[in-house]
Amino acid sequence: MFIFINAQRERELAERQAGFLANITHELKTPLAVMQAAGENLSDGRVTEGERLKTYGDHIYNESVRLKRMIEKLLDAAKVDSGELSTEQAPHYLQELTAEFVEANRGYIEDQGFEFTYTHDKNLPLVMVDADHVETTLNNLVENAMKYSREKKEINIKVQKKGGNVAISVTDKGTGIPKSSLRYVFDKFYRVEDSLTAKTKGHGLGLSIVKNMVELNGGTIDVKSEYGKGSTFIVKFPTLMSSDSAKITADPAPKKVSIKKEKVGTDV
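Position 262 of the sequence shown, counted from 1, bears residue number 508 in our numbering, the numbering being contiguous throughout.
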């Protein structure tokens, strides 16, 4: 029975890997084809009107961002597999890192028709994290929330203290996750396949990368979901100080991180 179960798991993983390679090859070609076609029209002088020039420029920019994000995910996945994913941790206030992410991406998210809200508790303690990893985590979780939302386009991010941790929760009103799939959503290449997600593009890398980054920073990630009604992903990091009365001898101000002014992708 043990041999049979292991063989079945290996076969399923091999099938997911084969499907991933076929899908990612197609997805990498698509933005390249769009950029090539737009570039040819511009270089040939076929487009001269200001409005059309702007449209072509937007196409090239959006597809280049999409391509860049796909490549970044592939590189992150490769680093995880090789054990080369490193972390540069420093004391940060999670609510400030999250606020920078929200400020950089609110416009694009709301332009996609979403009601986007962000709240946080007061006087939250510091946590020791890699700011870039927090940004990547938020990018992936919000990207998933957008990707799997249909009629109710609502996304809420909340930062709060939970016990000895500071938690970031990302909640949506999307398709949700069946109970039978909850235990697998953080597995590499795994995607929920059902009638609600059949037309949604993806390759099953984002959540596995997020889980590795969160755990590398000493945190945990969990998901609560009701199928057909939405999901909440909860990321927790231990507080830097064990007591509210403890004094920080170093400068407590969080390191300022340059958040790239890029749109949250919705195709990977």
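Here a beta-carbon is modelled for each residue, glycine too, at the ideal position from N, C-alpha and C.
Option nearest Gly422 by Cα separation, candidates Gly474, Ser415 and Met392:
Gly474
Residue range of the unbroken beta strand (DSSP E) whose run includes Thr421
Segment: none, Thr421 is in no beta strand (DSSP E) and carries neither H nor E.
Is any beta-carbon of chain C found at less than 8 Å from that of Ala284?
The chain inventory of the structure shown lacks chain C, comprising one protein chain alone.
Where Glu297 falls, given that 16 or more other Cβ within 10 Å makes a residue buried
exposed
Spatial distance of Asn252 from Ile355 (CA atoms):
42 Å
Mind checking who Glu198 pairs with in its DSSP beta bridge?
Any property of residue 198 remains undetermined from this structure, which presents the chain solely from 247 to 514.
Comparing C-alpha positions only, which one of Asp468, Leu384 and Lys398 sits nearest to Gly476?
Lys398
Within this structure, are the beta carbons of Asn390 and Gly452 separated by less than 8 Å?
yes
Since Leu486 and Pro277 are thought to touch, with beta carbons under 8 Å apart, how far apart are those beta carbons, to the nearest angstrom?
That pair is no contact at about 41 Å.
Under 6 Å Cβ to Cβ from Ser395, same chain only, skipping five residues before and after it: list those, please.
Asp418 and Gly420
I need the boundaries of the alpha helix (DSSP H) containing Thr383, first residue and last residue.
Ala377 to Lys393
Assigned secondary structure, Lys475 (DSSP; H/G/I helix, E/B strand, else coil)
coil
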